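Novice: In case it helps, the numbering used here puts the sequence shown at residues 812 to 997.
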Amino acid sequence: MGLLLLVPLLLLPGSYGLPFYNGFYYSNSANDQNPGNGHGKDLLNGVKLVVETPDETLFTYQGASVILPCRYRYEPALVSPRRVRIKWWKLSENGAPEKDVLVAIGLRHRSFGDYQGRVHLRQDKEHDVSLEIQDLRLQDYGRYRCEVIDGLEDESGLVELELRGWDCVSSYLSHILGRQFGHRGR
812 MGLLLLVPLL LLPGSYGLPF YNGFYYSNSA NDQNPGNGHG KDLLNGVKLV VETPDETLFT
872 YQGASVILPC RYRYEPALVS PRRVRIKWWK LSENGAPEKD VLVAIGLRHR SFGDYQGRVH
932 LRQDKEHDVS LEIQDLRLQD YGRYRCEVID GLEDESGLVE LELRGWDCVS SYLSHILGRQ
992 FGHRGR
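If you want it as structure tokens, here you go:
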């Protein structure tokens with residue numbers, strides 16, 4: 812009886828030298844050559860995910876639109892494209908919780924909180940995951956993290972955004988002073 816059960820199991824895919832799929836690919840062959848197949852194996856073979864963001868601070872004005880640049884690439888380059896998950900969030904200041912801004916997979920995306928309807932990914936060029944923020948508000952200044960997630964591998968970069976102009980200064984002072992004295996700021 813045990814032998815009759817074992818024979819059908821040996822004939823199933825993945826049980827005899829074939830790849831096994833459960834969301835990730837595994838292979839029983841030590842010599843499997845599979846460059847850039849989009850299934851995560853390259854990460855074990857020395858392919859590195861690299862995220863690029865600008866080193867310098869970006870300056871803009873309240874009410875304007877801005878693009879927070881972020882691109883990614885693989886070293887060495889892959890033969891086939893991969894489906895990655897993108898996450899943008901604003902880093903906290905003074906112990907406040909971080910704010911999710913946007914998450915995306917392919918053309919599907921979701922924005923959060925005050926950013927709803929004001930943010931989207933550029934995705935004009937391959938591997939471009941820059942974030943566009945429209946109608947900038949005083950509370951939008953700060954540091955943003957762009958994270959690219961490819962299976963179990965993830966890398967990220969920081970973009971710093973500062974607002975300039977007298978309107979920003981006066982709005983900020985009004986906001987802070989109003990809070991100190993129990994009044995609402997602008």
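C-beta atoms are modelled at their ideal positions from N, C-alpha and C, and glycine is treated no differently. Note that the coordinates shown come from a computational prediction; the quantities given were computed from them, not determined experimentally.
Starting from the C-beta of GLN950, find all residues in its chain whose C-beta is less than 8 Å away, skip the five residues before and the five after it, and write them out in chain order.
Specialist: Taken in chain order, the residues that qualify are ASP925.
Novice: Report the residue ranges of all alpha helix (DSSP H) runs contained in full by the region 855-890; include only those spanning at least 4 residues, in chain order.
Specialist: Within the region 855-890, no complete alpha helix (DSSP H) run reaches 4 residues.
Novice: Return the chain-ordered list of same chain residues with a C-beta closer than 8 Å to the C-beta of SER903, the five sequence neighbours on each side being excluded.
Specialist: Counting only Cβ-Cβ distances below 8 Å, and skipping sequence neighbours, we find GLU909 and LYS910.
Novice: What did DSSP end up calling TYR955 once you bin it into helix, strand or coil?
Specialist: DSSP places TYR955 in strand when its eight states are reduced to three.
Novice: If we count the other Cβ atoms within 10 Å of its Cβ and call it buried at 16 or more, is THR868 buried or exposed?
Specialist: Classification of THR868: exposed, given that the 10 Å Cβ count is below 16.
Novice: Between the alpha carbons of TRP898 and CYS957, how many angstroms are there, rounded?
Specialist: It is worth fixing the name first, because residue 898 is Lys in this sequence and not Trp. Their backbone Cα atoms lie some 6 Å apart in a straight line.
Novice: Could I get the ranges of all uninterrupted beta strand (DSSP E) runs contained in the region 895-936, with 3 residues as the minimum, in chain order?
Specialist: List check, beta strand (DSSP E) in window: 896-901, 910-916, 919-922 and 930-932.
Novice: Does the beta-carbon distance from ILE1057 to VAL877 come in below 8 Å?
Specialist: As displayed, the chain neither begins before 812 nor continues past 997, which places residue 1057 out of reach and without an answer.
Novice: Just verifying my parser: in three-state terms, what is the DSSP assignment at LEU949?
Specialist: Looking at LEU949 - three-state DSSP - the assignment turns out to be helix.
Novice: I'd like to confirm the pairing. Which residues does DSSP put opposite VAL970 in its beta bridges?
Specialist: Bridge partners of VAL970: TYR955.
Novice: State the Cα-Cα distance for the pair PRO887 and GLY976, rounded to the nearest angstrom.
Specialist: Their backbone Cα atoms lie some 43 Å apart in a straight line.
Novice: To the nearest angstrom, report how far apart PRO968 and SER891 are at their CA atoms.
Specialist: As written in the sequence, residue 968 is Gly, which differs from the Pro given in the question. So the alpha carbons of these two residues sit roughly 24 Å apart.
Novice: I need the straight-line Cα distance from GLN927 to TRP900, nearest angstrom please.
Specialist: Distance between the alpha carbons of GLN927 and TRP900: 13 Å.
Novice: Kindly give me the distance between the Cβ atoms of LEU974 and LEU947, rounded to whole angstroms, as I take these residues to be in contact under 8 Å.
Specialist: With a Cβ gap of about 7 Å, LEU974 and LEU947 count as contacting.
Novice: DSSP three-state call for LEU963: helix, strand or coil?
Specialist: Looking at LEU963 - three-state DSSP - the assignment turns out to be coil, as it is neither helix nor strand.
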